[in-house]
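Following: one structure in structure tokens, then a few remarks.
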Amino acid sequence: CIAAWEAVGAVPPSHACLNDKQVLWELGDASQDDVTQIAMMEMQMANTIACDLLTARGFQGNLLKAEIRRKKSKKAQELVMVPNSKERVEALSKASTHCAILQ
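Just so you know, the sequence shown maps onto residues 68 to 170 in the working numbering.
Here it is as structure tokens:
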């Protein structure tokens, strides 16, 4: 039973389930007319406006700022495959395994 809780990240609390492709949503996963995409864009705009307003009024609004993940474009992934390109060098420097640059 504990193995099931570990798989979803409840014991210890790691939020591992949020990395599952069936759970994780990113901007660009579906068409622009999709209800989920529209809701995500509206939430992002509301967060940005609220944080900017708090900052303008003297609070530390930037501490509450959140960014919704955006799906990487195919063009960005193709640039990683160009030998000696700046993008490839940066991706290789950040990679922890030999296949990590493709993810």
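Ideal Cβ positions, reconstructed from N, Cα and C, are used throughout, including at glycine. No experiment lies behind these values; they were computed from the predicted model shown.
The beta carbon of E134 lies closer than 8 Å to those of Q111 in the same chain, with the five residues before and after it left out. From the listed residues E93, N114 and A97, the smallest Cα separation to K132 is found for N114. The secondary-structure analysis by DSSP pairs L94 across a beta bridge with R137.
Nearest to N129 by C-alpha distance, out of L120, S160 and R136, is L120.
With a threshold of 16 other beta carbon atoms within 10 Å, A106 falls short and is exposed.
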